[in-house]
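Chains as they are written, first to last, in this note's numbering: chain A, 300 to 577; chain B, 54 to 662. Glycine included, each C-beta is placed from N, C-alpha and C at the ideal position. Below is one structure; the comments refer to it alone.
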C-alpha cells in the first residue's frame, strides 16, 4: 500500500513540480524559439508515457500484492500485445524525431545574408572580430599571433586590413539581422553559449566551427563557456548586447581596424626607438 | 541419443544410464555433454585460498569489495563537490581541487565501480553458478584479471599523491586541455589516469574472455541459450560490447600518453597555451572524442545491460510470475547491444564535427529507444497479475523502474539533436545520466545484493535496515536528480566551480543547489547503514533456508548453500526448462526449478521452452 502510494505521489509530485516550480528557461532572445517548441513537444509525449507507466506500476503493486493462496497468471508471451506496443513506441519516437530533424536542418543551414562575426576564445576570455567594410573576414594563422597582432591575421591578406578588432569581452549585435558566429580558439576547446540565444557549438583549435541566429530582442546577455577548458572555465564570461540600429552604429564606430592598429603599434615602436636613441 | 556414447563421457548421469531403451520417447532427456568435466585447481595454502584465489565466486567477491571500496571514495568526492556548489561562500575548495574531484568522481563511478562491480563482481559470482558450470573456463586468467584491476585502482589512487595531484580534465579527458597547462594534473595525474585505464582494460580483457567463453562453452546439459536467465544474457552481451568498445579507449589512452610524453600530435593541433606556442601541429582533438565515445556510449550499456538482466530476474522471482516476453527481452538486449555501436556521436552534436552527422546519429539514437521501451513494457507486464512480494529486491526493482523510466525519457530529449543544443553541457545532462546510469543501475545492484546475499553468506540481510536504506536512497536520489533537470532548463552549465550571480540565474536556483546538496549528504550517509548491514549480517544475520526466495535458476540448486568450490558436488546439473516457470497451472508449488525433471511434475501445464 505504502509503496503503491509513494509511486503515485512521486508521479503527481513530478507533474506539480513541472508546472509550478519557478525553474524554467529564460525568455528566448533569438529565432530559436522553435527549439523550445520541440522541447515542449518532447515534454508532452514523454510526460504522458511517464505518468502512464508509473500509474500502471502503482496499480499493479496495489492490486496484485502477495497473497499466499493466490497464484500469479501464467502467460509467458502475448505476441499481439508486444507488437502493438512496439509499433506505438515507434510512432511516438518518429513524432519526436521528425520535427527535431527539421529544426536541426535550419540550425546547420546558414542564410546567405548572415553577417559574419568571429568569436575568438582563449584561456580564459573572449574577443571578437568584425569583417569591416568589405564584409569579409581576413584569413588568420596561429603562427602570426604576437603582441602587435593579437588575432593572428595574415598580413598579406588584403581582406583583413579593414577588419574591426574588438579586444574586449563585450560584443554588440544588431537586432533582427542574422548573424553567423565563426568560432575560433587558439588553445583548448571552448563553447560560445548565451542561454537566451539557445544556440551552442564547441570551438576546436585548428578548425573554425560556426552557428547562426537572428537576435529578436534588445538586451544585455551574459556569455558563458559551455565546454570545460581548465581551471578558469567557470570564470570565462563575456557579454553580448543586442542593439537597435542607432546604438549599434555608435558602438561599431568606436572599434578600430586592423590597419589602424598596426599603424598605432608601429608608431609606438618608433616612439620607443626614439626614446632609446635619446 | 544413444547409450553407447554415455560411458565415453565423464559427466554422464545416473538417470541416462538407467534410461529405458531408445525407442520410448523419454520426457526427461537432455542433450549429451560435449566436453569432459572441468578439472579444477585446488588451493593448498593461505595465499592461494584467500589472496590469489582461483574460485570465480571468491574472485567475484574480491572484485565487488574492491569496487565498492573505490566507489566509497567516489561518494565522498561527490559530497565535497556538492558542498562547494551549495555553499560557495565557505571557500571550501580551490577551483583546481573541485575539478580534480569532479574528474575522479566520474571516472571512479563509471569504470572502477559500476563496470567492475557488474561484470567482475556479479559476472564472476553468477555466470558459473547460473550456467551450471564448476567455474570459469580459465580460472588462473580470472585471478590475474582481478589483480590487474587492483593494480589499476592503486595507480589511480596514486595520482592523488603526485605533484600537481590527480587530473582535473573531466572524466571525458578531452585533449588538448587534458595535457596542457591550465588544467590541474596536466603532466602527472593525467599520465597515471591513462596508465590506470590501460591496466584496467588489460585486466578486464582477461576477465571478459573468461565470461564469454564460459557462457558459450560450459553451460550445463540442457541449458540452451534461450533457457539462460536474463541476468546471464545481460552480463554476456555487456561483456561482448566491452570487448569491442574498450580497445577504442585503449588506443585513445595510448595515443594521448604519447602526445603528452613524447610530443607526438595525434590529438594536438598547433596551439598557444597560456601565451606559449606549443610544438604540436596537425593533430585532431575531435578524433579523441570519436574514440572516447565509441567506447563511452557502449560503456553506458555495459553498465545498463547487466542491470536490465538482473532486474528482470528479480522482478520475475519476487512477483512469482514468468518474465513477460522472454524472447523479446533477449532480442532487445542483443539489439540494444548492437545498436549501441552506432550512436556514439550523439555525445558530440555540438562538438564541432560535421553538423550533418547529426541527422544520422539522432535517428539511430531514437531507434534505440524502441527496444529499450520494450524492456520497460515487459517489466511492468511481468508485474501485471503477478503475486508481488514487497521484499527488498522487489522494492529496489520498483525503484529502478521509476528512475530508469525517468532517465530513459530524458534521453529522448538529449538524443534528439535539436533539443540537445540548448540542453547540452548543462545540468540537464548531469541529471539525465546520473538518473539513467547512476541511480538506476545502483538500485539494481542493491536489489541484487539483498537477493544473492544468502547465496554468498548463508544468511539474510536485515530487513528493517534494508527498508530504511531503500526509502532514503530511492526518494533521496529522486529528490536530487529530478529538480536538477530544471537547473539545466534555466541554463546552468555543468562543470562550473561557482556560478556567481549571473544575471539570468534566479537566486532561487542557488537555493535549489542547497536543497540538492542536503539531499546528497543524507543519501550518502544512508549508505553507511547499508555497509553496516552488509558486514554485520554476515555474522548476525538470520540463517537462510536453502532456496530462500524459491527461485528456479540453478545458483540456488547447488547441493550445499553457500556453494563450495566446484559448485555442484559430484554431478553437474541437468536443465529441463527455462528459469521462469513460476505459478504454473497444475503444479504443486508455485515454482519449478530448472533442474527439476518433467517426470516429477507430471500435472503441470508448462509451455515449451
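If you draw a straight line from the alpha carbon of residue i to that of residue j, how long is it in whole angstroms?
| i | j | result |
| --- | --- | --- |
| residue 579 of chain B | residue 449 of chain A | 54 Å |
| residue 605 of chain B | residue 386 of chain A | 33 Å |
| residue 310 of chain A | residue 317 of chain A | 11 Å |
| residue 353 of chain B | residue 490 of chain B | 7 Å |
| residue 281 of chain A | residue 319 of chain A | As displayed, chain A neither begins before 300 nor continues past 577, which places residue 281 of chain A out of reach and without an answer. |
| residue 444 of chain A | residue 131 of chain B | 41 Å |
| residue 378 of chain A | residue 456 of chain B | 27 Å |
| residue 372 of chain A | residue 308 of chain B | 56 Å |
| residue 125 of chain B | residue 168 of chain B | 15 Å |
| residue 321 of chain B | residue 229 of chain B | 6 Å |
| residue 405 of chain A | residue 155 of chain B | 35 Å |
| residue 488 of chain A | residue 150 of chain B | 20 Å |
| residue 408 of chain A | residue 392 of chain B | 29 Å |
| residue 295 of chain B | residue 302 of chain B | 10 Å |
| residue 332 of chain A | residue 350 of chain B | 30 Å |
| residue 505 of chain B | residue 499 of chain B | 10 Å |
| residue 562 of chain B | residue 159 of chain B | 24 Å |
| residue 283 of chain B | residue 436 of chain B | 16 Å |
| residue 426 of chain B | residue 269 of chain B | 28 Å |
Assuming residue i and residue j form a contact by the criterion Cβ under 8 Å, report the distance between their Cβ atoms to the nearest whole angstrom.
| i | j | result |
| --- | --- | --- |
| residue 256 of chain B | residue 202 of chain B | 5 Å |
| residue 218 of chain B | residue 115 of chain B | Contact doesn't hold; Cβ gap of about 29 Å is too wide. |
| residue 336 of chain B | residue 318 of chain B | 4 Å |
| residue 120 of chain B | residue 176 of chain B | About 12 Å; that fails the 8 Å criterion. |
| residue 367 of chain B | residue 501 of chain B | 7 Å |
| residue 220 of chain B | residue 237 of chain B | 7 Å |
| residue 476 of chain B | residue 541 of chain B | 6 Å |
| residue 326 of chain A | residue 565 of chain A | Not a contact, Cβ separation roughly 47 Å. |
| residue 533 of chain B | residue 569 of chain B | 5 Å |
| residue 417 of chain A | residue 481 of chain A | 5 Å |
DSSP three-state call for residue i: helix, strand or coil?
| i | result |
| --- | --- |
| residue 398 of chain A | helix |
| residue 524 of chain A | strand |
| residue 352 of chain A | helix |
| residue 377 of chain A | coil |
| residue 457 of chain B | helix |
| residue 644 of chain B | strand |
| residue 469 of chain A | strand |
| residue 224 of chain B | coil |
| residue 324 of chain A | coil |
| residue 662 of chain B | coil |
| residue 521 of chain B | helix |
| residue 531 of chain B | helix |
| residue 271 of chain B | coil |
| residue 542 of chain A | strand |
| residue 651 of chain B | helix |
| residue 579 of chain A | Nothing can be reported for residue 579 of chain A, as the shown portion of chain A is limited to 300 through 577. |
| residue 403 of chain B | coil |
| residue 432 of chain A | coil |
| residue 74 of chain B | Because residue 74 of chain B sits at a pLDDT of 46, beneath the cut-off of 50, its placement in the model cannot be relied upon, and the following sentence gives the value as read from the coordinates. Three-state DSSP puts residue 74 of chain B in coil, outside helix and strand. |
| residue 553 of chain B | coil |
| residue 464 of chain A | strand |
| residue 236 of chain B | coil |
| residue 454 of chain A | coil |
| residue 546 of chain B | strand |
| residue 162 of chain B | helix |
What residue range does the beta strand (DSSP E) around residue i cover?
| i | result |
| --- | --- |
| residue 496 of chain A | Run containing residue 496 of chain A: none; DSSP gives neither H nor E here. |
| residue 478 of chain A | 478 to 484 |
| residue 419 of chain A | 414 to 421 |
For the alpha helix (DSSP H) containing residue i, name the first residue and the last one.
| i | result |
| --- | --- |
| residue 291 of chain B | 283 to 315 |
| residue 360 of chain B | 338 to 371 |
| residue 510 of chain A | No alpha helix (DSSP H) contains residue 510 of chain A, which is instead part of the beta strand (DSSP E) from 508 to 512. |
| residue 217 of chain B | Careful: residue 217 of chain B lies outside any alpha helix (DSSP H) and carries neither H nor E. |
| residue 580 of chain B | 560 to 593 |
| residue 390 of chain B | 379 to 392 |
| residue 229 of chain B | Per DSSP, residue 229 of chain B belongs to no alpha helix (DSSP H) and is neither H nor E. |
| residue 434 of chain B | 410 to 436 |
| residue 169 of chain B | Residue 169 of chain B -> no alpha helix (DSSP H), and no H or E assigned at all. |
Enumerated in chain order, which unbroken segments of the alpha helix (DSSP H) with a length of 4 residues or greater are wholly contained in the stretch 80 to 159 of chain B?
At a cut-off of 4 residues, the continuous stretches assigned as alpha helix (DSSP H) that sit fully inside the stretch 80 to 159 of chain B are 109 to 139.
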